[in-house]
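Take a look at the structure set out below.
Numbering (our numbering), first residue to last: 2 to 130.
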């Protein structure tokens with residue numbers, strides 16, 4: 002697995018779209034769209050629209066550790082026919098990147114929900130648990 006990061010490029014940067022289109026021409030590339038789980042649905046739809054020309058086959062859902070609500074991101078993916086390929090639950094890539102697994106995603110959400118229900122638990126306890 003080789004991941005190509007677009008660090009430093011904004012979503013509206015035309016040079017980035019040109020590079021993605023160039024990479025897609027190899028035909029031996031699996032294109033996945035990275036969507037932050039904590040983003041607003043309108044912004045997520047805008048990302049899907051902007052990168053439709055790259056023909057993404059699925060989604061990498063990042064920042065799952067920063068939200069307890071995945072409904073918007075998952076709905077955007079489903080509405081656009083994009084399967085969930087990977088999730089990232091932290092900033093250490095590739096360590097925090099894992100193949101999408103519905104059971105693990107539900108467990109992560111349950112942990113976040115429990116933490117939200119108990120305001121006396123500190124962030125340090127979340128990282129250890």
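We put the beta carbon where it would ideally sit given N, CA and C, even for glycine. Computed from a predicted structure; not experimentally measured.
Where residue i sits in the DSSP three-state scheme
i	result
residue 67	helix
residue 27	coil
residue 47	helix
residue 83	coil
residue 42	helix
residue 91	coil
Distance, residue j Cα to residue i Cα
i	j	result
residue 85	residue 119	30 angstroms
residue 130	residue 90	The pLDDT assigned to residue 130 is 46, lower than 50, so where the model puts this residue is not dependable; a value taken from the coordinates is nonetheless given after this. The straight-line gap from Cα to Cα measures roughly 14 angstroms.
residue 126	residue 25	Because the pLDDT of residue 126 is 48, which lies under 50, any placement of that residue in the model is unreliable, and the number read from its coordinates should be weighed accordingly. About 43 angstroms.
residue 37	residue 67	9 angstroms
residue 49	residue 13	12 angstroms
residue 65	residue 100	13 angstroms
residue 96	residue 42	27 angstroms
residue 72	residue 19	31 angstroms
residue 28	residue 115	44 angstroms
residue 80	residue 105	22 angstroms
residue 107	residue 87	14 angstroms
residue 44	residue 110	22 angstroms
Limits of the unbroken alpha helix (DSSP H) element including residue i
i	result
residue 76	72-80
residue 111	103-118
8 angstroms contact criterion, which residue i and residue j should meet: CB distance rounded
i	j	result
residue 69	residue 117	6 angstroms
residue 60	residue 78	5 angstroms
Where the beta strand (DSSP E) through residue i begins and ends
i	result
residue 100	98-100
residue 37	33-37
Residue i CB to nearest heavy atom of the ligand COA below 6 angstroms
i	result
residue 116	This structure lacks the ligand COA; in fact it carries no ligand of any kind.
Sufficient close CB pairs (3 or more, under 8 angstroms) joining the region 48-56 to the region 27-35: yes
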